[in-house]
Amino acid sequence: MAEAIQQLVLDVLDKDGAINDTRTLVLPGQTEPASSQDAQIIILGALNSLSSREMITYTTQETLTHVLTPEGASIALNGSHEARVWSAVPAKGEGSTVTPKDVEKLLGSEISKVGQGRAFKNKWIGKEGNNLVKLASEIVDSTQLEMREVDSTGTLKTGEKALADLRKRKLISQRKGQWFTVQKGPNFSTSTAKPETDLTVDMLTSGAWKTSTFKKYNFEAEGVPTSGGALHPLLKVRDEFRSIFLEMGFAEMPTSSFVESGFWCFDSLYVPQQHPAREVQDTFYLSDPSTSLPPPQEYYKRVARVHEHGGYGSTGYRAPWNDAESRKLLLRTHTTASSAAMLWKLAARCRGEVDDSKEDELATHSGATSKNQTQIKDGFRPAKLFSIDRVFRNETMDATHLAEFQQVEGVVADRGLTLADLIGFMRVFFKKMGIENLRFKPAYNPYTEPSLEIFAFHPHLRKWVEIGNSGMFRPEMLEPMGFPKDVHVHGWGLSLERPTMIRYGISNIRTLVGHKVSIEGVEKTPAVRF
-6 MAEAIQQLVL DVLDKDGAIN DTRTLVLPGQ TEPASSQDAQ IIILGALNSL SSREMITYTT
54 QETLTHVLTP EGASIALNGS HEARVWSAVP AKGEGSTVTP KDVEKLLGSE ISKVGQGRAF
114 KNKWIGKEGN NLVKLASEIV DSTQLEMREV DSTGTLKTGE KALADLRKRK LISQRKGQWF
174 TVQKGPNFST STAKPETDLT VDMLTSGAWK TSTFKKYNFE AEGVPTSGGA LHPLLKVRDE
234 FRSIFLEMGF AEMPTSSFVE SGFWCFDSLY VPQQHPAREV QDTFYLSDPS TSLPPPQEYY
294 KRVARVHEHG GYGSTGYRAP WNDAESRKLL LRTHTTASSA AMLWKLAARC RGEVDDSKED
354 ELATHSGATS KNQTQIKDGF RPAKLFSIDR VFRNETMDAT HLAEFQQVEG VVADRGLTLA
414 DLIGFMRVFF KKMGIENLRF KPAYNPYTEP SLEIFAFHPH LRKWVEIGNS GMFRPEMLEP
474 MGFPKDVHVH GWGLSLERPT MIRYGISNIR TLVGHKVSIE GVEKTPAVRF
């Protein structure tokens, strides 16, 4: 259809030299001129296509027309309200009686109300007592005639005042229309063959490019606006977490090892080798390579001994030690593996294994005091460490669980720490994030005793959601590293996703991470300020 209209325009231009009014065109398959606005819109599409190839030029002409409203269309068909009231009223002296209520029942309240008022005004009807009678034997329904004239011509011969009155009565509405005058363009042709837009290999090989017509490039056209990048809500919350930790005097741990050995992920934390968390149902194991390099031998022997036979005031697990289980490689299930490695390095001072060349580096990672300050007895220095990084668990995915998520890890090492210190710290830490509705529940962890689960109330899910786990590291974990008996360590692991969901009112974690994430939502998400 579009090509047929384009050909029609070109043929008329070739014959007449110009088209003064596109409303005179008869479109293919039609018998009447294209005077309707819908037809002009179709013609405009053809004109734009021809104009882009500079085959024609055209000028838009605007016009104002009027169309009937539903009420106006009803009057054009059935007569005006006043005429219908006049028809329902008997002539004077006929003997029959019609009251206003009778007219209302016959014509309806709206027609009766408006019609009686205008009929009285025109002196078409009058009253005898409570009855209505005709005063005029014949009438001319000018309103109906005006509706029919507007319907056929879009205007009235009587002028704008009469049109304004009909618009006020909401019998007609104004509509903008357009039509076009068309002239030949610089590339005028009666052929509608489209010019080539690309130079192809086939054209170059055959030489067809020499005779082909190419579409003109518009080098001044504006390109698609570029959009800047946006931080994902998780990254915004991560940055805020990091700022809180640094503000509280913590140092960030290096956590680049996504793959860990069973020794650092479990054994060094005093997790028994028979623990369910070490099963394939909960942990992702690597098949190639499948085993790790050997850990520090002396430390490895102490860990194996306390697991199998006890020590440091513990009876141990009294279960056979398996070297192969300790050497398995896996995707780390928590960043506590990195915390264990950092604590082992921190305890190197207590073991007397730190020389001057290594002390500055260790102090940088632990947040410890400078080596030029007063040395503390037995080499121990308090430390506050944190990390925020990815961990992996063989979880069943649902609204609040993923197999891959971000863990916020922290440890505080000092002398004489208690569980009350841990709870107090957690309250201060979460208050800085704007989360004050907390609950602590006793829990079991192989490497902490006592242990606490941390819950926050999710206002959208309307339930308490676990957001972290915490506790005090066991002596069976700390003393094989070389820490003195009076050194205690707080440890905790928090989810990054769940506080983000609470902060941004997200009820399903799968709309926060994964293919269901809204790119527009990421771009418009406000910066987090706890």
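In this note's numbering, the protein residues as written are -6 to 523.
Think of the CB as a built atom: it goes at the ideal place given N, C-alpha and C, for glycine as much as any other residue.
Nothing here was measured: the structure is a model prediction, and the numbers come from that model.
Asked                                                                                                         : Found
Proximity to Leu524 [Cα-Cα], best of Tyr440, Pro282, Leu224 and Ala330                                        : Beyond the ends of the chain as shown, which are -6 and 523, falls residue 524; an answer cannot be given.
Rounded distance between the beta-carbons of Leu445 and Gly464, thought under 8 Å                             : 6 Å
Whole-Å CB distance - Leu279 paired with Val252, under 8 Å assumed                                            : 7 Å
Cβ shell of Thr248 (< 6 Å), same chain only, five flanking positions each side left out                       : Thr328, Ser331, Ser380 and Asp382
Closest residue to Ile104 among Ala270, Ala129, Glu64 and Gly242 (Cα-Cα distance)                             : Glu64
Three-state secondary structure (DSSP) of Met465                                                              : strand
Thr367 (DSSP reduced to helix, strand or coil)                                                                : With a pLDDT of 37 at Thr367, under the threshold of 50, the modelled position of this residue cannot be trusted; read the value that follows with caution. Residue state, collapsed to three classes: coil.
For Glu(-4) and Thr185, the rounded distance between their alpha carbons                                      : 7 Å
Unbroken stretches of the beta strand (DSSP E), 3 residues or longer, contained in the stretch 157 to 216     : 165 to 177
Same chain, Cβ closer than 7 Å to Arg295, five either side skipped, listed in chain order                     : Pro473
Segment limits, alpha helix (DSSP H) that includes Lys338                                                     : Thr329 to Leu339
Outcome for Glu516 when other beta-carbon atoms lying within 10 angstroms are tallied against a minimum of 16 : exposed
contact_flag[the stretch 43 to 50, the stretch 177 to 191] where n(CB pairs < 8 Å) is 3 or more               : yes
Range covered by the beta strand (DSSP E) that runs through Ile118                                            : Ile118 to Glu121
Start and end residues, beta strand (DSSP E) containing Ala436                                                : Leu431 to Asn438
Per-residue burial, Val401 [other beta carbons within 10 Å of its own, 16 or more giving buried]              : buried
Distance between beta carbons of Gln171 and Gln33, contact taken as under 8 Å                                 : 6 Å
Helix, strand or coil at His302 [DSSP, three-state]                                                           : coil
Beta-carbon gap between Glu429 and Ile447 smaller than 9 Å                                                    : no
According to DSSP, residues forming a beta bridge with Trp457                                                 : Phe450
Straight-line Cα distance separating Gly216 from Met419                                                       : 52 Å
Exposure label - Thr367; buried when at least 16 CB within 10 Å                                               : A caution first: Thr367 carries a pLDDT of 37, below 50, which makes its placement in the model unreliable, though a value can still be read off. Exposed is the call here.
Backbone CA spacing between Glu97 and Lys106 [nearest angstrom]                                               : 8 Å
Proximity winner among Lys377, Val133 and Gly255, relative to His74 (alpha-carbon distances)                  : Val133
Lys351 burial status per 10 Å Cβ neighbour count (16 or more: buried)                                         : Confidence at Lys351 is low in this model, with a pLDDT of 49, below 50, so the placement of that residue should be treated as unreliable; the coordinate-derived value is given next. So Lys351 ends up on the exposed side.
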